[in-house]
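K.L.:
Protein chains: 4
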Amino acid sequence: MADIGRIVHEVAQEMAAHPERGEVASYIPPLAHVDPGQFGLCIVTSDGVTHAAGDAEEPFSIQSVSKVFALTQALGKVGDTLWRRVGREPSGTPFNSIVQLEREQGIPRNPFINAGALVVSDVNLAGHEPRVAIGELLRFIRYLAEDETIVIDETVARAEQETGFRNIALANYMKAFGNLTHAAPLTLGVYFHQCAIAMSCRQLAMAGRYLMLGGLHSPGGARVISAQRARRINALMLTCGHYDASGDFAFRVGLPGKSGVGGGILAIAPGKAAIAVWSPGLNECGNSRLGTLALERIAEATGWSVFSPSGSGRS
Amino acid sequence: MADIGRIVHEVAQEMAAHPERGEVASYIPPLAHVDPGQFGLCIVTSDGVTHAAGDAEEPFSIQSVSKVFALTQALGKVGDTLWRRVGREPSGTPFNSIVQLEREQGIPRNPFINAGALVVSDVNLAGHEPRVAIGELLRFIRYLAEDETIVIDETVARAEQETGFRNIALANYMKAFGNLTHAAPLTLGVYFHQCAIAMSCRQLAMAGRYLMLGGLHSPGGARVISAQRARRINALMLTCGHYDASGDFAFRVGLPGKSGVGGGILAIAPGKAAIAVWSPGLNECGNSRLGTLALERIAEATGWSVFSPSGSGRS
Amino acid sequence: MADIGRIVHEVAQEMAAHPERGEVASYIPPLAHVDPGQFGLCIVTSDGVTHAAGDAEEPFSIQSVSKVFALTQALGKVGDTLWRRVGREPSGTPFNSIVQLEREQGIPRNPFINAGALVVSDVNLAGHEPRVAIGELLRFIRYLAEDETIVIDETVARAEQETGFRNIALANYMKAFGNLTHAAPLTLGVYFHQCAIAMSCRQLAMAGRYLMLGGLHSPGGARVISAQRARRINALMLTCGHYDASGDFAFRVGLPGKSGVGGGILAIAPGKAAIAVWSPGLNECGNSRLGTLALERIAEATGWSVFSPSGSGRS
Amino acid sequence: MADIGRIVHEVAQEMAAHPERGEVASYIPPLAHVDPGQFGLCIVTSDGVTHAAGDAEEPFSIQSVSKVFALTQALGKVGDTLWRRVGREPSGTPFNSIVQLEREQGIPRNPFINAGALVVSDVNLAGHEPRVAIGELLRFIRYLAEDETIVIDETVARAEQETGFRNIALANYMKAFGNLTHAAPLTLGVYFHQCAIAMSCRQLAMAGRYLMLGGLHSPGGARVISAQRARRINALMLTCGHYDASGDFAFRVGLPGKSGVGGGILAIAPGKAAIAVWSPGLNECGNSRLGTLALERIAEATGWSVFSPSGSGRS
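Protein chains in written order, with the working numbering: chain C, 1 to 315; chain L, 1 to 315; chain X, 1 to 315; chain B, 1 to 315.
(1) Name, going along the chain, the residues of the segment 159–180 of chain C whose beta-carbon falls closer than 9 Å to a beta-carbon of chain X.
(2) What do you reckon, are the CB atoms on A274/X and G208/X nearer than 8 Å?
(3) With burial defined as no fewer than 16 other Cβ atoms inside 10 Å of the residue's Cβ, what is the status of G76/L: buried or exposed?
(4) Decide if S308/C is buried, meaning its Cβ has at least 16 other Cβ atoms within 10 Å, or exposed.
(5) Just to check my reading of the structure: W304/C and L255/C have Cβ atoms closer than 8 Å, yes? What is that Cβ distance to the nearest angstrom?
(6) Pick helix, strand or coil for S66/B, following the three-state DSSP scheme.
(7) So with CB distances below 7 Å, who are the chain L contacts of A98/B?
(8) Starting from the Cα of R231/X, find the closest Cα among G37/B, M237/B and D248/B and give me that residue.
(9) Just verifying my parser: in three-state terms, what is the DSSP assignment at M1/X?
(10) Does S26/C pass the burial test, meaning 16 or more other C-beta atoms within 10 Å, or should it be called exposed?
(11) Would you call R6/X buried or exposed, if buried means 16 or more other Cβ atoms sit within 10 Å of its Cβ?
(12) Looking at C-alpha atoms only, which residue of G241/B, R252/B and V253/B is the closest neighbour of S109/B?
(13) Which ranges does the alpha helix (DSSP H) cover as unbroken runs of at least 4 residues, wholly within the segment 97–139 of chain B, from first to last along the chain?
(14) I want to see whether chain C comes within less than 8 Å of A222/L, judged by CB atoms only; does it?
(15) N234/B versus chain X: which residues are under 7 Å apart at the beta carbon?
(16) Kindly list, in the order they appear in chain C, the residues whose Cβ is closer than 7 Å to that of R88/L.
(17) For D244/L and chain C, any beta-carbon pair shorter than 8 Å?
(18) CB L170/C to CB N124/C, shorter than 8 Å?
(19) Mind reading off the beta-carbon distance from G178/C to G106/C? Whole number of angstroms is fine, and I expect it under 8 Å.
(20) How many Å lie between V261/B and N283/B at the Cα?
(21) Is the segment 79–89 of chain B close to the segment 77–84 of chain L, with three or more CB pairs under 8 Å?
(22) Strictly below 7 Å CB to CB, what residues from chain B border N110/X?
(23) Take T239/X as the anchor and find which of S259/X, Q161/X, G220/X and Q228/X has the nearest alpha-carbon.
(24) Taking just the CA atoms, how far does G22/C sit from N172/X?
(25) Mind reading off the beta-carbon distance from A12/L to G54/L? Whole number of angstroms is fine, and I expect it under 8 Å.
(26) Over what stretch of residues does the alpha helix (DSSP H) that includes V156/C continue unbroken?
(27) Could you tell me whether the Cβ atoms of A176/L and R166/B are closer together than 8 Å?
(28) Along the chain, where does the alpha helix (DSSP H) containing G40/C start, and where does it finish?
(29) If we define contact as Cβ-Cβ less than 8 Å, is M15/X a contact residue for chain B?
(30) CB M15/L to CB S279/L, shorter than 8 Å?
(31) Expressed to the nearest angstrom, what Euclidean distance is found between the alpha-carbon atoms of A235/B and P270/B?
(32) Roughly how many angstroms separate the alpha carbons of Q73/L and F251/C, rounded to a whole number?
(33) Pull up the distance between the alpha-carbon of A126/C and that of H182/C, whole angstroms please.
(34) Give the single residue among A157/B, V151/B, E58/B and G221/B whose Cα lies nearest to the Cα of V190/B.
(35) Less than 7 Å between C-beta atoms, sequence neighbours within five positions excluded: which residues of the same chain meet that for V44/B?
(36) Reducing DSSP to helix, strand and coil, say where V24/B ends up.
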């Protein structure tokens with residue numbers, strides 16, 4: 001595994017020097033001021049060893065990466081009945097599109113577009129106060145990452161609440177079709193706070209281990225979810241995790257991954273590694289520009305693509 | 001590997017007895033008369049051993065499964081310049097939708113929807129007579145399958161030519177956007193004949209070995225395509241291979257696969273197996289109903305999902 | 001003009017006895033309980049004479065018919081600069097569709113679909129409290145109808161506010177594109193109250209006179225708007241006044257008209273008559289079923305279609 | 001009527017000197033070479049008097065203006081059963097859009113978009129050879145215009161056949177839905193030839209008289225169609241005659257009109273005038289730029305808008 005350490009540092013070095021860093025998301029004001037020069041990377045391998053480089057300890061807004069943990073939480077609550085309210089297909093449209101909702105009568109195409117994540121928040125709310133549901137999700141993520149210092153960035157949460165008109169539109173639109181059980185402001189409250197969770201690459205990679213390990217918390221650890229559920233969440237990440245660039249990410253990187261507009265990406269090499277990468281500049285599809293490139297380099301160097309013959313001798 | 005033989009027979013038995021078989025495709029007249037009671041299955045494992053059951057020797061119309069081989073052929077001709085003319089994203093719409101083409105100015109979303117496959121045929125035509133391009137594809141498939149008896153079903157090809165109005169529309173529509181270099185009837189001629197290739201499950205599984213083996217023709221054999229290209233074709237099969245049910249197939253089966261309306265599916269477990277399954281009855285998304293179910297059973301029994309931790313000890 | 005009186009009574013009689021009355025709008029609870037057996041009709045001719053029959057004095061919820069008066073009010077405030085924020089084309093989609101807004105970046109296609117009417121409400125709000133804007137509109141309508149008894153049905157307004165999730169979605173969606181200057185709840189407050197204005201057929205026909213009279217309040221009366229503006233509002237009513245059934249209404253009736261889901265329709269025969277008709281049962285496009293039929297009969301009997309050669313000797 | 005003559009000449013003079021003339025249609029090669037400096041205008045009033053100015057005798061390709069005459073011909077053949085195969089609503093999309101056809105299962109929204117006109121051609125073909133149907137339409141137009149010199153421009157017809165890929169796509173797409181009874185190339189043959197009819201403004205205005213005169217061939221002449229049918233064709237021209245700019249044309253001009261990409265427009269002031277205008281430069285919606293402006297001027301100067309109070313004393 002010495003190789004992994006070397007790869008992590010080489011990739012971090014290349015990215016630190018890369019001239020084209022993309023555009024920082026501007027529609028959530030506090031995110032607009034993040035320094036685009038930053039790059040962080042952390043890999044946890046299946047033996048539990050952590051390899052970090054660059055700004056791997058710097059907390060950033062995980063935004064839509066939180067949808068993976070919230071989905072896991074919702075499946076724990078209602079199991080496969082979730083799929084009556086949200087689909088499992090790539091959307092073919094941008095992350096915040098409302099067109100598909102009209103065509104398909106208020107049923108979002110998958111749990112990783114905003115509309116689908118709002119349904120997931122609605123499930124997690126489960127009749128409680130928003131802060132109960134948010135607290136529960138935060139505790140779950142802290143448990144996964146083995147880190148009690150993970151918090152919500154209230155400045156970001158407030159900014160989302162003040163400017164998240166498209167999300168308010170999506171929630172009310174689904175409410176009109178009967179696919180929201182709580183008052184829209186309550187569900188939106190859960191959603192906005194979940195997006196505002198701040199984590200470092202190290203914390204995020206640690207929190208993603210259960211998806212690498214077939215549902216186990218850590219090597220030899222407790223079972224968080226069944227092996228089948230872990231496989232299925234990975235499948236959804238691969239087909240839907242990068243919005244309308246999911247096909248391209250699968251083509252270039254070949255790993256299940258979920259991106260957020262804060263510039264973070266969580267990628268999973270099943271049985272091999274959980275990878276967190278962060279760089280705030282985004283490409284035209286809203287995914288971290290250098291984060292995607294870094295994962296492409298890592299997949300190449302390690303041979304971890306899920307589409308490679310296994311036992312390739314390189315890992 | 002004795003297990004694989006047992007699994008193949010058990011699955012074939014279960015499917016032979018299954019009461020709900022779906023609807024045979026009716027829009028291509030010769031396909032409408034195929035007996036829905038049939039079910040064939042063949043698995044070639046990475047050691048080259050073949051396990052077959054049911055109607056595994058019965059030739060059927062491979063239809064859109066041919067798009068995998070035609071794509072491989074086109075990438076061999078023009079390399080990554082192909083991606084200037086066709087995308088790599090799931091479509092979010094049915095296989096024969098024309099809506100996306102209008103929105104995206106004549107560029108099909110991926111090479112596995114009909115419009116994208118027409119662009120691939122246009123590339124393969126390369127200024128020759130249609131029969132030259134078709135002959136070349138047929139020779140390529142015979143070489144992959146090591147079987148010179150594979151032929152085109154001319155009755156099916158003629159029927160497609162007489163009733164394929166939507167495909168004629170798609171070709172002319174792309175022509176209007178300048179994304180077809182030959183006269184539409186020539187490109188369509190290649191496409192209709194390619195869809196009419198008839199293969200048995202055994203032949204199809206053999207022909208798919210190069211995608212399991214990182215691009216090698218057979219265990220220890222010659223290189224057909226690079227390892228990277230094999231990975232990428234697998235990635236496209238996973239995200240786009242089942243039209244607007246690709247997400248569900250990834251969720252349930254977890255393997256790259258390409259289906260055809262003749263009822264065949266080619267699925268790849270990288271490094272482990274190439275699987276061909278056939279049952280003519282289709283589900284509402286146009287994919288083989290029992291074929292999909294059989295692959296779900298096989299993935300479960302073998303643990304071959306690309307989303308499982310590898311080295312699970314089961315294969 | 002004796003003829004008009006006879007036509008009014010004959011049509012009212014035919015409609016009273018008509019067996020198929022359509023479905024009463026159910027999504028706004030107080031409207032769902034309106035007796036579908038009712039039918040009212042009132043025609044004011046260019047000489048100021050009123051002909052009424054049936055339930056012509058019964059107040060009903062004018063709903064989207066209010067969009068005509070609100071548009072007139074907004075054009076008075078901001079003139080043709082309104083058209084920077086809303087288009088003038090038929091939508092090709094249902095009245096509450098959000099799809100078009102996404103395609104056209106938050107600019108509604110016309111002021112008579114809900115999204116466009118919300119922009120108009122936003123203009124009329126003009127930085128004041130919602131009740132100021134509503135009061136102003138109500139005064140304008142009372143002045144047009146010469147009737148101080150016209151009021152807002154607060155039960156209906158409250159019900160709209162509680163269940164109008166699609167309108168809330170539309171408002172927030174436009175806010176996201178910067179096409180709403182006030183907080184969405186304020187603009188929605190104006191809109192919901194405007195829709196809840198209750199008027200009888202007599203009041204509505206009287207209020208519509210200015211559109212028949214080239215912008216004059218009443219025969220020989222004061223000018224409300226310019227002749228050009230009156231023509232243009234009539235043009236918009238003809239091309240966009242019946243949502244996605246506007247073409248059919250023009251084809252069958254041939255008069256500018258605006259319908260509401262309360263079952264009312266205001267139709268204008270320029271230079272000849274202002275016509276208000278009401279029957280609560282709707283057809284599949286959300287327009288009054290018997291109201292439309294009654295207008296078809298009236299247009300036939302009077303020759304008032306704007307598409308007839310004038311000087312037909314019948315009016 | 002001396003006024004009309006003066007208006008015609010003043011408008012022609014203003015347009016001849018106008019600096020911004022739009023872009024000549026380039027996708028049909030022979031049309032691309034037409035001199036954009038030309039402008040013709042001819043008005044026939046209800047007394048049969050003709051007023052012409054500018055290049056009013058110059059023949060041009062009438063293109064989509066032919067759809068009015070072809071629709072009249074088809075309604076004569078099959079009456080209102082035509083409406084089972086084509087709608088009567090504005091499309092909300094460009095003239096050659098195929099999106100709407102997919103959503104509405106092969107039924108075009110109206111007879112004036114290309115898909116709808118293809119259905120009309122299919123009706124007119126009626127089992128005969130294309131040249132029979134074309135000959136019949138040409139005879140009908142010559143009869144209406146009282147001019148035997150009107151011919152088809154074979155160069156244009158051939159160019160359309162060679163480059164009309166979107167129309168070929170539309171025809172085949174409807175064929176796939178069963179909404180084309182003849183082989184697509186036959187129906188397309190009729191359509192392409194009909195579009196290639198060449199007429200001068202004088203000929204076109206004369207041919208349009210029946211729509212001004214409630215269905216009569218000429219003042220006091222024979223009945224061509226019923227008064228109701230004339231009204232209804234006018235209604236369709238108003239709501240659908242300028243593609244996705246029909247609402248704007250109604251707003252600005254206020255007359256039923258049909259435009260063609262050759263730069264011609266036929267407009268009808270019912271009971272008052274038939275107006276033909278021609279200038280080859282188009283605006284961004286594909287309608288004659290100066291033609292539209294000229295009609296706006298004429299409608300203003302004459303008070304002929306169908307949305308004005310009649311008896312305005314000006315005509």
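The beta carbon of each residue, even a glycine, is placed where N, CA and C say it ideally should be.
P.N.:
Based on what the coordinates show:
(1) T163, G164, F165, R166, N167, I168, A169, L170, A171, N172, Y173, M174, K175, A176, F177 and L180
(2) yes
(3) exposed
(4) buried
(5) 7 Å
(6) helix
(7) The sequence given here places Ile at residue 98/B; Ala does not occur at that position. Within chain L, the residues near I98/B are I98, E102 and Y173.
(8) D248/B
(9) Bear in mind that a pLDDT of 47 at M1/X, under 50, signals an unreliable position, so the number given afterwards is only what the model happens to contain. Of the three classes helix, strand and coil, the one that applies to M1/X here is coil, per DSSP.
(10) exposed
(11) exposed
(12) The sequence given here places Arg at residue 109/B; Ser does not occur at that position. Closest by alpha carbon: G241/B.
(13) 99–103 and 114–125
(14) no
(15) F307
(16) G247, D248 and F251
(17) yes
(18) no
(19) 7 Å
(20) 10 Å
(21) no
(22) G247
(23) S259/X
(24) 29 Å
(25) 4 Å
(26) E154 to T163
(27) yes
(28) Note, G40/C: premise wrong, no alpha helix (DSSP H); beta strand (DSSP E) at G40 to T45.
(29) no
(30) yes
(31) 11 Å
(32) 18 Å
(33) 8 Å
(34) A157/B
(35) T50, A205, M206, R209, A273 and A274
(36) strand
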